[in-house]
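Participant:
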Amino acid sequence: MLSSKAFRGGFTPTIAVAVIVTVCLTSQVRADVYAAHLNAPDGWNFDTMGEMTIAYRLNEPATQVVIEIFRQSAPTVVLKSLYGTADRGLNLIQWDGTVTGGGSAPVADDYSFRIIAEDSVGHSSWENITPKDGLYEIGSAQYGAPQGIAVNRDQNSPLFGRVYVLNSDSSLVSVNPGATVVGAGITMLNNDLSFYRGTAARAAAPANAALETDILSLNSPWRLQINHDNADELVVGDMSDGFENVWVFNGEGTSAHRILDRTTSGPGAKSMQTHGNMHDVMISGVGAGRKLWVIDQDYDLNDDYILTGPDVSAFYIGTTAENYLGQPWEVINGGEIVPGAVGRNHTARGFYLGPISSHLYLVNQRFNQGPAEMAVSPFCHGWLWRGYQYGMVVK
104 MLSSKAFRGG FTPTIAVAVI VTVCLTSQVR ADVYAAHLNA PDGWNFDTMG
154 EMTIAYRLNE PATQVVIEIF RQSAPTVVLK SLYGTADRGL NLIQWDGTVT
204 GGGSAPVADD YSFRIIAEDS VGHSSWENIT PKDGLYEIGS AQYGAPQGIA
254 VNRDQNSPLF GRVYVLNSDS SLVSVNPGAT VVGAGITMLN NDLSFYRGTA
304 ARAAAPANAA LETDILSLNS PWRLQINHDN ADELVVGDMS DGFENVWVFN
354 GEGTSAHRIL DRTTSGPGAK SMQTHGNMHD VMISGVGAGR KLWVIDQDYD
404 LNDDYILTGP DVSAFYIGTT AENYLGQPWE VINGGEIVPG AVGRNHTARG
454 FYLGPISSHL YLVNQRFNQG PAEMAVSPFC HGWLWRGYQY GMVVK
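Written out as structure tokens, the structure is:
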């Protein structure tokens with residue numbers, strides 16, 4: 104996998120990040136090693152400051168890592184190739200400012216470097232690559248009540264590779280050796296599953312303090328997802344009675360706004376009610392096109408459940424930052440009978456919106472007629488209605 108980052112030499116410090124995935128191996132090999140959290144100083148003067156340190160993290164060991172230094176004005180011309188260490192976690196390498204063939208790199212303000220991390224072995228099947236400390240998985244991978252996980256996969260985001268874990272219990276700590284995470288809310292990890300900023304306390308999103316959660320429930324908070332169209336936006340839902348809120352965090356976890364507020368539009372709001380408990384939540388789009396998608400356990404928009412089951416709904420929140428009061432559109436009616444699948448009904452518990460295909464994938468508790476059978480059902484553009492009765496495409 105190839106990752107790149109821009110840095111400046113001897114000019115005003117400015118950071119720009121661009122990560123590009125280019126590696127494809129055979130269909131039998133899953134080569135998932137990648138570099139993230141790339142870093143190099145700005146405004147470097149090799150004559151007075153010596154060698155420059157380039158830093159990167161690997162999510163798992165690689166068989167080879169190559170760092171290519173180039174200028175943005177000529178990205179295909181590699182000025183210097185360095186072979187870096189290939190260990191999982193933080194790796195450092197020095198560049199002395201010279202170019203291939205000898206001599207110093209010319210003074211310019213558009214230098215960049217890219218990292219090509221390769222795994223010539225790969226994985227022939229799905230494999231748990233969670234790091235271990237002795238016999239046990241590392242403490243940063245252990246939580247008392249983890250209810251959601253999301254990974255920033257936006258190759259153009261400075262937060263590419265960051266892992267977000269949502270914990271629901273404010274006091275429960277995992278009994279596994281090395282576990283230190285405590286508290287409800289989001290914990291941020293690096294791509295190697297180490298704590299962002301080094302410790303559990305510092306890795307906790309500062310905006311967790313804004314959350315209103317049920318300290319006696321393992322459903323509060325419940326689920327989180329990243330906006331595919333804006334990786335600097337995360338959405339967190341709650342499935343506990345009396346705490347039916349939906350929150351939007353920024354990627355650094357420093358701000359949180361309650362986009363759906365139980366006190367103004369939740370249960371008990373009578374004619375103003377727009378939502379209930381959330382099995383899952385996600386957000387898509389930017390600006391005026393932002394949509395909040397929910398699997399609502401309680402609120403039946405059109406009072407027309409065919410069989411008991413949660414509605415899949417979309418709120419056209421646009422640029423609203425908090426306390427959205429508009430009604431949603433019913434995307435899929437709870438318990439809807441699927442044409443051509445007589446007797447099957449939707450009782451959705453989780454979903455995923457494909458960032459490229461825009462297909463909606465639902466995880467259903469009862470899709471195959473059994474008492475507790477699960478199934479995944481995809482919905483393409485033609486199925487994404489604003490309620491079947493309206494026949495209007497959501498996307």
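Each residue of the sequence shown is one higher than the one before, starting from 104 at the first, in this note's numbering.
Glycine residues also receive a C-beta, built at the ideal position from the N, C-alpha and C atoms.
Does DSSP put P481 in a helix, in a strand, or in coil?
Facilitator: In the structure shown, P481 sits in a strand (DSSP, three-state: E or B).
Participant: Excluding the 5 residues preceding and the 5 following P309 in the sequence, name in chain order all residues of the same chain whose CB lies nearer than 7 Å to its CB.
Facilitator: Contacts found: G356, T357.
Participant: With contact counted as at least three CB pairs below 8 Å, one residue from each stretch, are the stretch 251-269 and the stretch 337-354 in contact?
Facilitator: Contact between the stretch 251-269 and the stretch 337-354 is present, because at least three Cβ pairs lie under 8 Å.
Participant: Pick from L195, L395, V210, M375: whose alpha carbon is nearest that of D383?
Facilitator: Ranking L195, L395, V210, M375 by Cα distance to D383 puts L395 first.
Participant: Answer with buried or exposed for V290, where buried requires no fewer than 16 other C-beta atoms within 10 angstroms of its C-beta.
Facilitator: For the record, residue 290 in the displayed sequence is Thr; it is not Val. T290 is buried by the Cβ-count criterion.
Participant: Following the continuous alpha helix (DSSP H) through S368, name the residue where it begins and the one where it ends.
Facilitator: That run of the alpha helix (DSSP H) goes 365-368.
Participant: Just list the alpha helix (DSSP H) runs in the stretch 134-211, keeping only unbroken ones of 4 residues or longer that don't cross its boundaries, in chain order.
Facilitator: DSSP runs (the alpha helix (DSSP H)) wholly in the stretch 134-211: 149-152.
Participant: What did DSSP end up calling S343 once you bin it into helix, strand or coil?
Facilitator: In this structure, S343 counts as coil in the three-state DSSP scheme.
Participant: Which residue comes first and which comes last in the alpha helix (DSSP H) that contains R305?
Facilitator: Run containing R305: 303-306, per the alpha helix (DSSP H) assignment.
Participant: So the candidates are A248, S228, S277, F263; which of them puts its Cα closest to the Cα of Y239?
Facilitator: Closest by alpha carbon: S277.
Participant: Is A287 helix, strand or coil by DSSP?
Facilitator: Reduced to three states, the DSSP call for A287 is coil.
Participant: Can you name, in chain order, every residue of its own chain whose Cβ lies under 8 Å from the Cβ of Q400, other than the five neighbours on each side?
Facilitator: Cβ within range, chain order: M342, G379, N380, M381, H382, P413.
Participant: Looking only at C-alpha atoms, which of A253, S243, I172 sits nearest to A208?
Facilitator: Out of A253, S243, I172, I172 has the C-alpha closest to the C-alpha of A208.
Participant: Scan the stretch 305-332 and note each continuous beta strand (DSSP E) run of 3 residues or more that stays entirely inside, going in chain order.
Facilitator: Taking only runs of at least 3 residues, the beta strand (DSSP E) segments lying wholly in the stretch 305-332 are 325-330.
Participant: Relative to the C-alpha of D332, which candidate in P178, P458, G237 has its C-alpha closest?
Facilitator: For D332, the nearest C-alpha among the options comes from P458.
Participant: Taking the alpha carbon of T367 as the point to measure from, which residue in I398, S461, E347 has its own alpha carbon closest?
Facilitator: Nearest C-alpha to T367: E347.
Participant: Buried or exposed for A139, going by 16 or more other Cβ atoms inside 10 Å?
Facilitator: Label assigned to A139: buried.
Participant: Taking the Cβ atom as the reference point for each residue, do E425 and I362 lie within a distance shorter than 7 Å?
Facilitator: Yes. Within cutoff.
Participant: Does the beta-carbon of C127 have 16 or more other beta-carbons within 10 angstroms, so that it is buried, or is it exposed?
Facilitator: With a pLDDT of 30 at C127, under the threshold of 50, the modelled position of this residue cannot be trusted; read the value that follows with caution. That one is exposed.
Participant: Taking S227 as the reference, give the member of L456, D135, L292, N330 with the closest Cα.
Facilitator: Comparing Cα-Cα distances from S227 to each of L456, D135, L292, N330, the minimum goes to D135.
Participant: For L161, count neighbouring C-beta atoms within 10 Å of its own C-beta (all shown protein chains included) and say buried if the count is 16 or more, exposed if not.
Facilitator: Buried: at least 16 other Cβ atoms inside 10 Å.
Participant: Assuming G453 is part of the beta strand (DSSP E), what are its boundary residues?
Facilitator: Where G453 is concerned, the enclosing beta strand (DSSP E) stretches over 451-456.
Participant: Helix, strand or coil for G354 per DSSP?
Facilitator: It is coil, neither helix nor strand.
Participant: Compare the Cα-Cα distances from G281 to each of D272, N294, T302 and report the closest residue.
Facilitator: The shortest C-alpha separation from G281 is found at T302.
Participant: What does V349 pair with, by DSSP beta-bridge criteria?
Facilitator: Answer by DSSP bridge pairing, in chain order: G340, L363.
Participant: In angstroms with no decimal places, state the Cα-to-Cα distance between G247 and L292.
Facilitator: Using only the alpha carbons, I get a separation of about 16 Å.
Participant: When we look at the beta-carbon of F482 and count the other beta-carbons within 10 Å, is it buried (16 or more) or exposed?
Facilitator: F482 is buried by the Cβ-count criterion.
Participant: Which residue from I318, A391, F454, N194 puts its Cα closest to that of A143?
Facilitator: The shortest C-alpha separation from A143 is found at N194.
Participant: Relative to the C-alpha of G437, which residue among N148, S320, R305, S416 is closest?
Facilitator: Minimum Cα distance to G437 is reached at S416.
Participant: Looking at L182: is its Cβ nearer than 7 Å to the Cβ of I196?
Facilitator: No, the pair does not count as a contact, with Cβ atoms beyond the cut-off.
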